[in-house]
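Presented below is the structure to which this report refers.
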Amino acid sequence: MKLSDLLETAREDAPAARYTVDDVVAAGRRRKRRRNTGWAIAALLAVFAVIGLPQLIARPAAPPATPPPPKAGPFDLLFSSYRSGDLRVGDPEWVSLTNQLASIGREVSPGVYRSVGRLVLYPAGSVPQTFWMSHPKEPAGAINGHEASFMPLGRSALIKADTLLTWRNADGSMVLMASFENRLSREEMVRLATAFRTTSPRPARLPFAISWVPSTMRLVAVDVSRPEAATALVTPDRPDIGFELEPLYEQAQFVSAWSEPGLNSAPQPIGLSFPRSTPGNASAPSGGIVIGVQRSFVSGTGPTPKCAPWSGQHNVRQCVAAPDASSNLVARAGHDVPQADLERVAAAGRIVGTPGDPEAWPTARESFPASAWVER
Amino acid sequence: MSDKEAEFREFVGGQMEALRGLAYLTCGDWQLAEDAVLGALARLYGKWGRVENPQAYARSAVVRAAIDETRRPWWRREQSHGDAMPDIVARDEILNIDDRVHLRQALLRVPVKHRAVLVLRFLEGLSVPQTAAALRCPEGTVKAYTSRGLDTLRRILGADLSIDERLEARHEAV
Chain U
1 MKLSDLLETA REDAPAARYT VDDVVAAGRR RKRRRNTGWA IAALLAVFAV IGLPQLIARP
61 AAPPATPPPP KAGPFDLLFS SYRSGDLRVG DPEWVSLTNQ LASIGREVSP GVYRSVGRLV
121 LYPAGSVPQT FWMSHPKEPA GAINGHEASF MPLGRSALIK ADTLLTWRNA DGSMVLMASF
181 ENRLSREEMV RLATAFRTTS PRPARLPFAI SWVPSTMRLV AVDVSRPEAA TALVTPDRPD
241 IGFELEPLYE QAQFVSAWSE PGLNSAPQPI GLSFPRSTPG NASAPSGGIV IGVQRSFVSG
301 TGPTPKCAPW SGQHNVRQCV AAPDASSNLV ARAGHDVPQA DLERVAAAGR IVGTPGDPEA
361 WPTARESFPA SAWVER
Chain C
377 MSDKEAEFRE FVGGQMEALR GLAYLTCGDW QLAEDAVLGA LARLYGKWGR VENPQAYARS
437 AVVRAAIDET RRPWWRREQS HGDAMPDIVA RDEILNIDDR VHLRQALLRV PVKHRAVLVL
497 RFLEGLSVPQ TAAALRCPEG TVKAYTSRGL DTLRRILGAD LSIDERLEAR HEAV
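One line per chain: the protein sequences are U and C, in this order. Numbers 1 to 376, taken from the working numbering, label the letters of the first sequence in order. Numbers 377 to 550, taken from the working numbering, label the letters of the second sequence in order.
Printed below as a string of structure tokens:
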């Protein structure tokens with residue numbers, strides 16, 4: 001008996017096949033389709049594993065080391081005090097909706113400073129309106145990769161600046177630096193400009209609050225240089241009235257205060273102007289009100305404002321009040337502001353916060369009623 | 377229909393019956409054999425045109441699939457109702473049928489891998505190396521399985537099985 005014959009016999013008499021050629025082809029197609037789908041999914045997973053997974057793993061739990069700078073508020077300070085050799089640029093003193101101003105001092109002996117110039121920063125998007133920008137320019141090379149220019153000026157009794165240096169920063173902001181009476185050489189101006197950096201925005205704070213200003217008035221500038229006395233400026237909300245801080249005018253008191261820091265924290269900072277004159281020693285712009293609040297008591301004052309002409313400037317009057325027994329408030333304006341409004345402003349102020357904790361003071365915006373806020 | 381698919385259909389039409397018998401002798405169940413053939417040919421469909429020897433590929437795939445079918449866990453097997461019923465073996469009038477049943481029962485008692493080797497070598501006429509390649513095992517394993525399978529079958533059948541000399545001669549020549 002041959003095995004091959006036996007095997008042939010064993011497989012004979014097969015039952016009818018359940019599957020046809022069509023079934024085989026259909027099964028083949030289904031299998032091919034499944035495999036293609038499977039490969040596509042596998043390819044996607046592979047791409048995810050190669051690209052997505054490392055990114056997920058590498059993603060830091062904490063925010064990026066250099067997060068995008070937060071959006072600055074209208075009265076946020078955008079740079080800080082810094083030194084370059086014997087020269088010092090102070091913190092912003094005046095802060096306006098348009099720009100912010102700081103003084104430049106030279107340390108002539110240890111701890112003693114002398115005013116030599118000023119610097120004003122126009123944040124990105126803020127357009128300088130000062131006519132000095134149209135003066136002839138001289139190339140000053142590049143500062144931090146951006147073209148800079150000198151602008152020689154003619155001095156006057158009021159304007160101490162004789163040279164301006166202007167440049168743009170990487171963030172789009174622009175700076176105008178003034179040298180008073182050649183106290184800064186051009187090399188020193190370039191050196192100071194090269195060392196200038198903008199910083200993270202921090203809100204300007206005021207040690208007082210005003211509960212009422214005329215509804216047509218908007219807060220446009222504040223002087224935040226002193227902890228014991230502060231000045232604010234409100235102007236009518238009209239397109240033809242603007243306010244821009246100019247670096248051309250010297251206010252040497254700011255630098256003097258660096259030499260005698262105790263003056264600013266003395267119970268009665270009488271050695272300093274109050275309210276602070278706006279740069280240029282001008283009164284408030286037409287229709288505006290200068291408001292000063294200081295932490296000291298002036299005899300003869302009380303909660304009810306007393307109004308009288310102010311001898312410091314023509315056609316200007318001021319109302320003085322004592323919100324409490326330890327503070328003094330002055331509201332000063334031209335005659336184009338009704339006295340009733342001036343009196344009401346003078347009666348609407350009060351000291352807030354404690355002197356030694358400036359961080360707890362309200363922001364400049366919070367110090368004024370919402371009607372005075374300017375949205376930017 | 378593409379040319380490739382037409383070729384595949386022609387191949388399946390010509391080989392399906394032989395492959396079904398091959399699978400049946402390997403696994404001992406016609407339904408499992410058909411499933412094994414269907415699965416193997418479906419795999420061949422996706423590779424059609426890229427396989428050098430479709431017949432050898434199909435044969436190898438079918439036998440291995442049939443072996444796998446006998447190893448499927450019980451919970452994955454379809455339990456047919458007929459399996460639960462004892463076969464009533466009655467002497468058939470036709471001697472060949474009785475012989476086939478007897479032979480099939482004897483074959484099922486040979487271990488599946490030994491059986492696969494015997495089928496490939498003595499039904500399909502493959503040499504030892506070809507059988508080893510089809511089953512993906514060493515040639516020595518094929519020789520050992522051949523010997524043991526034949527011994528088992530001889531003992532069960534109680535007969536002296538001879539192998540085809542022509543086949544053996546052909547194997548020697550390979």
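All residues carry an ideal CB built from backbone N, CA and C; glycine is no exception.
Partners in chain C for residue i, counting only beta-carbon separations shorter than 8 Å
i: V47(U); result: Those do not exist, as V47(U) stays about 24 Å from chain C at its closest Cβ, beyond 8 Å.
9 Å Cβ cut-off: residues of chain U touching residue i
i: A441(C); result: Ordered by position in chain U, no residue passes the 9 Å Cβ test against A441(C), which lies about 13 Å from the chain.
i: R385(C); result: V21, D22, V24 and V25
Sequence-distant residues of the same chain with beta carbon closer than 6 Å to residue i, five excluded per side
i: V486(C); result: G525, T528 and L529
i: A399(C); result: A409, A412, V413, V438 and A442
i: G404(C); result: L484
i: R90(U); result: It should be pointed out that residue 90(U) corresponds to Gly in this sequence rather than to Arg. If we look at G90(U) and ignore the five residues flanking it on each side, its Cβ neighbours are S81, A102 and S103.
i: L245(U); result: W94, S96, N99, L101, V120 and P279
i: G172(U); result: A124
i: E12(U); result: none
i: L248(U); result: I159, A161 and A178
i: K137(U); result: S149 and M151
i: H135(U); result: M151
Contacts that residue i makes with chain C (C-beta to C-beta distance below 7 Å)
i: L386(U); result: With chain U running from 1 to 376 in the structure shown, residue 386(U) is simply not present.
i: A10(U); result: L401, R476, L479, R480 and L483
Own chain residues within Cβ distance below 7 Å of residue i, not counting five before or after
i: L537(C); result: L526, L529 and R530
i: P323(U); result: P303, L329, G349, R350 and I351
i: R344(U); result: W212
i: K519(C); result: V504
i: E500(C); result: L398 and R435
i: P285(U); result: T235, I241 and F243
Through-space distance from residue j to residue i, alpha-carbon basis
i: E250(U); j: K160(U); result: 6 Å
i: A26(U); j: K489(C); result: 30 Å
i: R452(C); j: T446(C); result: Note on R452(C): pLDDT 45, under 50, position unreliable in the model; no value is reported.
i: L7(U); j: F498(C); result: 8 Å
i: E548(C); j: I51(U); result: Note that E548(C) has pLDDT 47, beneath the 50 cutoff, so the model's placement of it is unreliable and the number below is only indicative. In a straight line, the C-alpha of E548(C) is about 57 Å away from that of I51(U).
i: V224(U); j: P139(U); result: 34 Å
i: P110(U); j: S256(U); result: 13 Å
i: L233(U); j: F196(U); result: 28 Å
i: R18(U); j: L401(C); result: 17 Å
i: A331(U); j: A321(U); result: 9 Å
i: P267(U); j: V222(U); result: Per-residue confidence for P267(U) stands at a pLDDT of 47, beneath the threshold of 50, marking its modelled position as unreliable; the derived number appears in the next sentence. Their Cα atoms are separated by approximately 21 Å.
i: P309(U); j: F368(U); result: 26 Å
i: R191(U); j: Q129(U); result: 26 Å
i: W450(C); j: A416(C); result: With a pLDDT of only 49 at W450(C), under 50, the local geometry of the prediction cannot be trusted, and no value is derived from it.
i: L153(U); j: R106(U); result: 22 Å
i: N315(U); j: S326(U); result: 30 Å
i: R168(U); j: S311(U); result: 41 Å
i: E187(U); j: H335(U); result: 46 Å
i: L219(U); j: I241(U); result: 12 Å
i: A209(U); j: P74(U); result: 17 Å
i: Y113(U); j: L56(U); result: 54 Å
i: Q391(C); j: Q481(C); result: 26 Å
i: M133(U); j: A49(U); result: 57 Å
i: R29(U); j: A418(C); result: 8 Å
i: D23(U); j: L533(C); result: 38 Å
i: S156(U); j: C307(U); result: 34 Å
Interface residues of chain C facing residue i [CB-CB closer than 9 Å]
i: G38(U); result: Going along chain C, no residue has its Cβ under 9 Å from G38(U), so there is no contact; the nearest lies around 12 Å.
Neighbour list for residue i in chain U, Cβ cutoff strictly below 7 Å
i: V495(C); result: L7
i: Y433(C); result: Here the premise fails: no neighbours, minimum Cβ distance about 14 Å.
i: A418(C); result: V24, A27, G28 and R31
i: R396(C); result: A14 and A17
Distance between beta carbons of residue j and residue i, contact taken as under 8 Å
i: E275(U); j: P355(U); result: Rather than Glu, the amino acid found at residue 275(U) in this sequence is Pro. Rounded, the Cβ-Cβ distance is 18 Å, inconsistent with contact.
i: G353(U); j: P207(U); result: 6 Å
i: T166(U); j: F79(U); result: Rounded, the Cβ-Cβ distance is 16 Å, inconsistent with contact.
i: P338(U); j: C319(U); result: In fact, because the Cβ distance is near 11 Å, the residues do not count as touching under 8 Å.
i: A43(U); j: W406(C); result: That belief does not hold up - the Cβ atoms of A43(U) and W406(C) are roughly 40 Å apart, past 8 Å.
i: I421(C); j: F384(C); result: Just to set this straight, residue 421(C) is Tyr in the shown sequence, not Ile. Between F384(C) and Y421(C) the Cβ distance is about 6 Å, and since that is below 8 Å, they are a contact.
i: T231(U); j: G288(U); result: The pair is not a contact, with the Cβ atoms about 12 Å apart (cut-off 8 Å).
Cut-off 8 Å between Cβ atoms - residues of its own chain near residue i, not counting five sequence neighbours on either side
i: A370(U); result: none
i: V493(C); result: T507, L511, V518, Y521, T522 and G525
i: A40(U); result: none
i: R88(U); result: S81, Y82, I104, G105, R106, E107, Y113 and W258
Where residue i meets chain U, residues with beta-carbon distance less than 8 Å
i: Y421(C); result: V24, V25, A27, G28, R29, R31 and K32
i: E635(C); result: In the structure as shown, chain C starts at 377 and stops at 550, and residue 635(C) therefore has no counterpart that could be examined.
i: L414(C); result: Y19, D23, V24 and A27
i: V388(C); result: V21, V24 and V25
> the stretch 17-32 of chain U: which residues have C-beta closer than 9 Å to a C-beta of chain C, in chain order?
Replying inline: A17, R18, Y19, T20, V21, D22, D23, V24, V25, A26, A27, G28, R29, R30, R31 and K32
> Between the stretch 497-519 of chain C and chain U, which residues of the former have a C-beta closer than 7 Å to a C-beta of the latter?
Replying inline: F498 and L499
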